[in-house]
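Taking the working numbering, the leading residue of the sequence shown gets 7, the next gets one more, and so forth.
Everything below concerns the one structure shown next.
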Amino acid sequence: MGKYWNGAAVCQPGLYRQVYGRAVGLAHSLFPATCYLCLDPGQKPALDLCTGCEADLPRNEPACPICATKVSAAGESCHRCLRRRRAFDAAFVPYRYEFPLPELVQRMKYRGVLPITRILGSLLGRRVAERGVPQVDAIVPVPLSAKREHRRGYNQAREIANFAARELGLPVEDRLARRIRETAEQTGLSAGARRRNLRSAFMIEAGAVPSRVAIVDDVMTTSATAESLALAFRRAGCRRIEVWAIARA
Ligand SMILES: [Zn+2]
Ligand SMILES: [Zn+2]
Numbered sequence: 007m008g009k010y011w012n013g014a015a016v017c018q019p020g021l022y023r024q025v026y027g028r029a030v031g032l033a034h035s036l037f038p039a040t041c042y043l044c045l046d047p048g049q050k051p052a053l054d055l056c057t058g059c060e061a062d063l064p065r066n067e068p069a070c071p072i073c074a075t076k077v078s079a080a081g082e083s084c085h086r087c088l089r090r091r092r093a094f095d096a097a098f099v100p101y102r103y104e105f106p107l108p109e110l111v112q113r114m115k116y117r118g119v120l121p122i123t124r125i126l127g128s129l130l131g132r133r134v135a136e137r138g139v140p141q142v143d144a145i146v147p148v149p150l151s152a153k154r155e156h157r158r159g160y161n162q163a164r165e166i167a168n169f170a171a172r173e174l175g176l177p178v179e180d181r182l183a184r185r186i187r188e189t190a191e192q193t194g195l196s197a198g199a200r201r202r203n204l205r206s207a208f209m210i211e212a213g214a215v216p217s218r219v220a221i222v223d224d225v226m227t228t229s230a231t232a233e234s235l236a237l238a239f240r241r242a243g244c245r246r247i248e249v250w251a252i253a254r255a
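In structure tokens:
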């Protein structure tokens, strides 16, 4: 019995999101936004993070413009990107996966705390907007496999993408890509196994594919998942592919 006693498993993901979204909207109209980290007043419109805590978040600067890994000087590409071309053109990840990001992300993933995805998604959208008008036509959240999404009840990348898209006025295309299997860790694989691993993790629906997309994930750890999805989009005819995530591990 215990195995089935799980809100996320018995609840329809779409319905859950709808009801939850309404409840959060109602709560925000009744109570002012409160900082999730220090309980000071939050920001308007409805961001549960105060300006002080936002300013204290660990910025990912300087970072490689292609893969967003830490580098020693601004504008410099990392040695890996210099050696090998990536499947995507650029990556933008505004924060490092350091305190308090791991705490926030863990709570979001495993306890289903959706207000956190609002904080992270809004921040991502705002940081992207600060760099100027994004050169993409649509935002594509990294899909979970159907099984994993059903178990969890939602896909955190999609929630983040939705809130970021609201800040940017861009459409979210969350039905374009489908994950057909989980990507294995790339480390320890031979070059051939690595290519096979990347090649077949995602499928892009046939039809109109936007020519410039931003792939959105929560945390960018290795670039394996992003590379795999980017490769699928490249094959489907995309011209420009960016990767956006909230934190770089
Ligand atoms: Zn605060
Ligand atoms: Zn790089």
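We put the CB at the ideal spot given by N, CA and C, even for glycine.
Bear in mind that the values here come from a model prediction, so they are computed numbers and not experimental data.
Per the coordinates, the alpha-carbon of R254 lies some 9 Å from the alpha-carbon of C73. The criterion of a C-beta distance shorter than 9 Å is satisfied by R187 and S206. Here L237 is buried. Its C-beta has 16 or more other C-beta atoms within 10 Å. DSSP places F98 in the uninterrupted beta strand (DSSP E) bounded by 96-98. Here A69 is actually not in contact with M226; their C-beta atoms are around 10 Å apart, not less than 8 Å.
Beta-bridge pairing by DSSP links R185 to F208. Contact annotation: L182 and A144 have beta-carbon atoms nearer than 9 Å. Look at the beta carbons and you see the segment 229-248 touching the segment 212-220: at least three pairs across the two are nearer than 8 Å. In this chain, the alpha helix (DSSP H) harbouring R157 covers 152-158. In the DSSP assignment, D54 falls outside any beta strand (DSSP E) and carries neither an H nor an E.
Per DSSP, reduced to three states, the secondary structure at R164 is helical. The alpha-carbon of G131 is positioned some 13 Å away from that of D224. Buried is the label assigned to A170, since at least 16 other Cβ atoms lie within 10 Å of its Cβ. Each residue's CA atom was taken as its position, placing G48 and A39 some 5 Å apart.
According to the DSSP assignment, E136 belongs to the alpha helix (DSSP H) that extends over 120-136.
With respect to E165, L120 sits close: the two C-beta atoms are nearer than 9 Å.
Under DSSP, D223 takes part in a beta bridge, and its partners are A251.
Per DSSP, reduced to three states, the secondary structure at V139 is coil, with no helix or strand assignment.
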